[in-house]
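Chains as they are written, first to last, in this note's numbering: chain A, 1 to 296; chain B, 1001 to 1296.
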């Protein structure tokens, strides 16, 4: 199976599960729940849930309980996009080719949709009616990884550094930490949550964590690159917005070609972390290559 | 001990614990962490953590592990205040007698401080280095109650209904649901988390939940009342802001005296839920009375 077919199939499985598990209904909450669903079901590659599932499967775990866990990652990712797009943050009015959440539901509605999705991520992981085969110990580990990856020492912290760095002449070390928190932490967290689901040994957990760090970096470097080289139509969001907000990026430090090299290196580093694993890890190998291939 | 002394002592214990467990440091995250600490340590009555501890103690649990659990409630409550005060929401510039978070740290900073505190609430409950005496089963139950109370079917949903109801002529049933979600859910959740910590039987859990529902209602009714009758100086936030935002409130439906009656009734309902319990519940009885006494 090609990686494109693999991603297509997994995306469908993830989105079907999201339809099943997402909140719906309740008269007075109709608008609020619609606002959450609008962004959650606006498309997207579902990279984080797929990574989580792919790692669990690489370790031999094919249980349905991976799906609510994978979905919790997409809830967190989606909330972060909604809040990042707000006028007070990146002020974007286009996301995945559609009006951003606050354009559609107003700023207050978008803030609350984000808050609701963030909280719902933890609801999914602690819901006694879901993932009945998971032990409480496993759930707590998953929740800890999600909270750490998403919180102030992870994604939220990265966004805080990002906002403060706008228009600043930041050193590369700051950009590195920014990327590692803002995008890297949740991608690494996705891989770690898959490893927990798959019952990884401490050594396996460490190897996957390293893999997660490297593909997280590759992912953000390629994002930086696309913001420079792709069109708005290709991206589904405004191209060139980083330069407009005077954001530090890899291309600003290394140029387009140098940045491609850095992305390639990160992918190679990711691949080397998987050397000890068998062919069940092939989707993870292909995924790493695929992240790099996006830049063309 | 008077209830004032009790609240004073417990507040000190809660705040000491918060100082110990709250994030600090990290060069690049200094501002972000300071923004979270600014609102978390801005004072406040610490009603939710104290309720949680008081219920646990009424059931005979005096373990230190109640403290991080109690703190998680204050993190969630504080984040909700930060986001509620934003220009896109209630647009308040004063809270507890100090500039609101976005006045001090900017809108983006305030949104992220809220996101960080919300996520940190779940971090506290899943952190393996805290509450070592809690079983994983207990942690998952606590996390589920917190996520449900704080999320779209609880506090966030209540705020969504509140925002949509501004300037609308809403029926009383809507106001009732608004209050029960926006303020009631997390207060009830605080009581339930205390009951979980104390190892409540299902019957005890139900009785405490009912108690939580009634004091949550009493609390919000008195808040409505104070917004009409108290001065800005007394409140530490802008008095009369509900009327200005054309918010539906109990006084708008029942007048000041009728609203006092409703508050009194809610307190009596709360007290009757505790009839089966012994004197260890006296602080909870006094707390219910104290909520009512605030209105004078």
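By construction, the Cβ of each residue, glycine as well, lies at the ideal position given by its N, Cα and C atoms.
CB contact check: residue i to chain B, cutoff 7 Å
{"i": "residue 172(A)", "result": "no"}
{"i": "residue 83(A)", "result": "yes"}
{"i": "residue 163(A)", "result": "yes"}
{"i": "residue 66(A)", "result": "no"}
{"i": "residue 137(A)", "result": "yes"}
{"i": "residue 55(A)", "result": "no"}
{"i": "residue 191(A)", "result": "no"}
Exposed unless 16 or more other CB atoms sit within 10 angstroms - verdict on residue i
{"i": "residue 272(A)", "result": "exposed"}
{"i": "residue 1128(B)", "result": "exposed"}
{"i": "residue 1001(B)", "result": "exposed"}
{"i": "residue 1256(B)", "result": "exposed"}
{"i": "residue 1202(B)", "result": "exposed"}
{"i": "residue 1078(B)", "result": "buried"}
{"i": "residue 1227(B)", "result": "buried"}
{"i": "residue 1184(B)", "result": "buried"}
{"i": "residue 19(A)", "result": "exposed"}
{"i": "residue 1259(B)", "result": "buried"}
{"i": "residue 1179(B)", "result": "buried"}
{"i": "residue 1135(B)", "result": "exposed"}
{"i": "residue 1009(B)", "result": "exposed"}
{"i": "residue 1242(B)", "result": "buried"}
{"i": "residue 1060(B)", "result": "exposed"}
{"i": "residue 1133(B)", "result": "exposed"}
Residue-level contact to chain A via CB, residue i, 7 Å cutoff
{"i": "residue 1323(B)", "result": "Nothing in the structure corresponds to residue 1323(B), since chain B is present only between 1001 and 1296."}
{"i": "residue 1256(B)", "result": "no"}
{"i": "residue 1069(B)", "result": "no"}
{"i": "residue 1122(B)", "result": "yes"}
{"i": "residue 1111(B)", "result": "yes"}
{"i": "residue 1116(B)", "result": "yes"}
{"i": "residue 1119(B)", "result": "yes"}
CB of residue i within 7 Å of CB of residue j, strictly
{"i": "residue 1188(B)", "j": "residue 1162(B)", "result": "no"}
{"i": "residue 1292(B)", "j": "residue 1003(B)", "result": "no"}
{"i": "residue 139(A)", "j": "residue 1140(B)", "result": "yes"}
{"i": "residue 73(A)", "j": "residue 48(A)", "result": "yes"}
{"i": "residue 1211(B)", "j": "residue 1270(B)", "result": "yes"}
{"i": "residue 1024(B)", "j": "residue 1131(B)", "result": "no"}
{"i": "residue 1052(B)", "j": "residue 1063(B)", "result": "no"}
{"i": "residue 1076(B)", "j": "residue 1101(B)", "result": "no"}
{"i": "residue 1216(B)", "j": "residue 1056(B)", "result": "no"}
{"i": "residue 108(A)", "j": "residue 1089(B)", "result": "yes"}
{"i": "residue 1280(B)", "j": "residue 1054(B)", "result": "no"}
{"i": "residue 1156(B)", "j": "residue 115(A)", "result": "yes"}
{"i": "residue 263(A)", "j": "residue 218(A)", "result": "yes"}
{"i": "residue 1124(B)", "j": "residue 160(A)", "result": "no"}
{"i": "residue 173(A)", "j": "residue 214(A)", "result": "no"}
{"i": "residue 1085(B)", "j": "residue 1096(B)", "result": "no"}
{"i": "residue 1170(B)", "j": "residue 1248(B)", "result": "yes"}
{"i": "residue 1294(B)", "j": "residue 1191(B)", "result": "no"}
{"i": "residue 1104(B)", "j": "residue 1042(B)", "result": "no"}
{"i": "residue 250(A)", "j": "residue 286(A)", "result": "no"}
{"i": "residue 1122(B)", "j": "residue 122(A)", "result": "yes"}
8 Å Cβ cut-off: residues of chain B touching residue i
{"i": "residue 177(A)", "result": "1028"}
{"i": "residue 60(A)", "result": "Those within 8 Å of residue 60(A) in chain B number zero; the least Cβ separation is about 23 Å."}
{"i": "residue 144(A)", "result": "1123, 1126, 1127 and 1128"}
Partners in chain B for residue i, counting only beta-carbon separations shorter than 7 Å
{"i": "residue 32(A)", "result": "1152, 1157 and 1160"}
Interface residues of chain A facing residue i [CB-CB closer than 8 Å]
{"i": "residue 1036(B)", "result": "152"}
{"i": "residue 1148(B)", "result": "123"}
{"i": "residue 1228(B)", "result": "In chain order: nothing, as chain A lies at least about 24 Å away."}
Residue i: contacting residues in chain B (beta-carbon distance under 9 Å)
{"i": "residue 23(A)", "result": "1151, 1152 and 1153"}
{"i": "residue 95(A)", "result": "By Cβ distance, chain B contributes nothing, its closest Cβ being about 17 Å from residue 95(A), past 9 Å."}
Where residue i meets chain A, residues with beta-carbon distance less than 9 Å
{"i": "residue 1086(B)", "result": "88, 107, 108 and 111"}
Proximal residues of chain A, C-beta to C-beta of residue i below 7 Å
{"i": "residue 1140(B)", "result": "126, 136, 139 and 140"}
Within-7 Å CB hit, residue i to chain D
{"i": "residue 185(A)", "result": "No chain D appears in this structure, whose protein chains are A and B."}
Closer than 6 Å: residue i CB and nearest the ligand GDP heavy atom
{"i": "residue 1169(B)", "result": "The ligand GDP is absent from the structure shown, which contains no ligand whatsoever."}
Taking contact to mean 3 or more Cβ pairs, one atom from each stretch, closer than 8 Å, check whether the segment 26-42 of chain A and the segment 240-258 of chain A are in contact. no
Are the segment 1163-1173 of chain B and the segment 1010-1028 of chain B touching, with three or more C-beta to C-beta distances below 8 Å? no
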